[in-house]
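Going letter by letter, the sequence shown gives residues 196 to 357 in this note's numbering.
From the three backbone atoms N, C-alpha and C, an ideal C-beta is built for every residue, glycine too.
Working notes, beginning with the structure itself.
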Amino acid sequence: MVQRLTYRKRHSYATKSNQTRVVKTPGPDPLLSPYLFFSLLFPLHFRWFLRSALVVVLIRSIGLRLVLAGGKLVYQYTKKRASGPKCPVTGKKIQGIPHLRPAEYKRSRLPRNRRTVNRPYGGVLSGTAVRERIIRAFLVEEQKIVKKVLKIQKTKDKTSSK
């Protein structure tokens with residue numbers, strides 16, 4: 196019969212914050228368990244007998260197996276998967292920054308060089324958004340210069356026509 200599992204904590208609804216996985220609890224080493232059995236059978240002055248090669252061969256040939264504690268199925272609670280930081284302009288994921296839960300980005304958990312990317316607006320905007328901003332700023336400055344030049348030419352034309 197299959198072992199039934201029950202939630203150990205939180206609530207019994209399968210929500211994003213209550214994700215679990217089934218894990219088998221660790222039991223004792225299967226090779227050591229026969230020795231434990233024989234050590235209980237023999238008194239202290241016969242313990243030297245347990246370490247002999249003959250006993251090892253006997254135990255393995257008989258195939259003695261003990262059922263000890265462990266080997267049960269239990270729920271293990273998993274953390275929510277982190278989606279990672281996204282650019283607010285383009286909506287793309289920012290490359291070069293690990294996907295962690297918000298609390299793990301704090302100062303003590305993650306060093307600064309892993310929290311940011313080495314460019315302006317490092318861990319906030321994606322590379323394409325930064326490139327667009329730089330190009331836009333450059334074009335705005337160029338437009339200002341063109342306006343200024345046209346204004347100067349206009350004033351020259353006015354003065355030369357008089």
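Residue i - containing alpha helix (DSSP H), residue span
| i | result |
| --- | --- |
| K274 | Taken as a continuous stretch (DSSP letters only), K274 belongs to no alpha helix (DSSP H), as it is neither H nor E. |
| V344 | G322 to S356 |
| R168 | Outside the shown range of the chain (196 to 357) lies residue 168, about which nothing can therefore be said. |
Candidates the options: closest to residue i by CA position
| i | options | result |
| --- | --- | --- |
| A324 | Y270, K287, E299 and Y202 | K287 |
| L320 | K342, I289 and I340 | I289 |
| Q198 | Y208, S207, N213 and V217 | V217 |
| E327 | T285, E337, Q214 and L305 | T285 |
| E299 | R276, Y316 and V312 | R276 |
Close Cβ partners of residue i (< 6 Å) along its chain, the five nearest in sequence each way excluded
| i | result |
| --- | --- |
| K281 | K288 |
| Y316 | V325 |
| Q214 | T273 |
| G322 | none |
Distance between residue j and residue i (C-alpha atoms, nearest Å)
| i | j | result |
| --- | --- | --- |
| R205 | Y270 | 12 Å |
| S278 | K211 | 13 Å |
| T201 | T273 | 15 Å |
| K346 | R331 | 23 Å |
| K267 | P221 | 8 Å |
| I340 | P283 | 31 Å |
| R314 | R203 | 46 Å |
| L305 | I329 | 29 Å |
| T350 | K342 | 12 Å |
| Q338 | S355 | 26 Å |
| K301 | G318 | 13 Å |
| A209 | K219 | 20 Å |
| V335 | S207 | 58 Å |
Those residues which DSSP pairs with residue i across a bridge
| i | result |
| --- | --- |
| R216 | Q271 |
| K281 | K288 |
Residues of its chain near residue i, where Cβ-Cβ distance is below 7 Å and the 5 sequence neighbours each way are ignored
| i | result |
| --- | --- |
| P293 | R309 |
Chain-order list of residues whose beta-carbon lies under 8 Å from that of residue i (same chain, five-residue window excluded)
| i | result |
| --- | --- |
| G358 | Nothing about residue 358 can be reported from this structure: the residues present for the chain run from 196 to 357 only. |
| Q348 | none |
| K353 | none |
| R296 | K274, K275 and A277 |
Check: residue i C-beta below 7 Å from any heavy atom of the ligand PLP
| i | result |
| --- | --- |
| T273 | As for the ligand PLP, it is missing from this structure, which has no ligand bound. |
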